[in-house]
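Residue numbers (my numbering): -14 to 120.
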């Protein structure tokens, strides 16, 4: 299974070194939304397009360094918390449990996502109870 958010998956499974074609497909599917706009952005600003792609790749690498037991320096962690930027440690929590630490880049998505998740789970629970009563 190529489920990205699973308790039994580690980032190592996503390394291209696994030579698993599904990993490449998963990576391409994740990058496609960014790459599809490159032709239009390139016409506006080639340098800005390159800078955006480089910064995006830096972000992908940085948020996954926690698997190498890297620890965000305390000063940088405080700055990230102030700017609502997800640290690698917080992102890794989301890889371990898909129901926590929402926000791939920014942490301010977490609270609305948690509220939405609780709402969906309550709807699911009510639906199950109504089905049990009707059977």
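Ideal placement from N, C-alpha and C gives every residue a C-beta, glycine not left out. All values derive from a computational prediction rather than experimental measurement.
Counting every other CB atom within 10 Å of its CB across the protein chains shown gives residue 18 a total below 16, marking it as exposed.
When 14, 84, 55 are compared, the shortest CA-CA separation from residue 101 is found for 84. Of the candidates 28, 34, 93, 70, the residue whose Cα lies closest to the Cα of residue 47 is 70.
Burial check for residue 60: the Cβ neighbour count within 10 Å stays below 16, so the residue is exposed. Counting other Cβ atoms within 10 Å of its Cβ, residue 87 reaches 16 or more and is therefore classed as buried. Taking 9 Å as the cut-off, the beta carbon of residue 34 is found no closer than this to the beta carbon of residue 50. Distance from the CA atom of residue 67 to the CA atom of residue 16, rounded to whole angstroms, is 28 Å.
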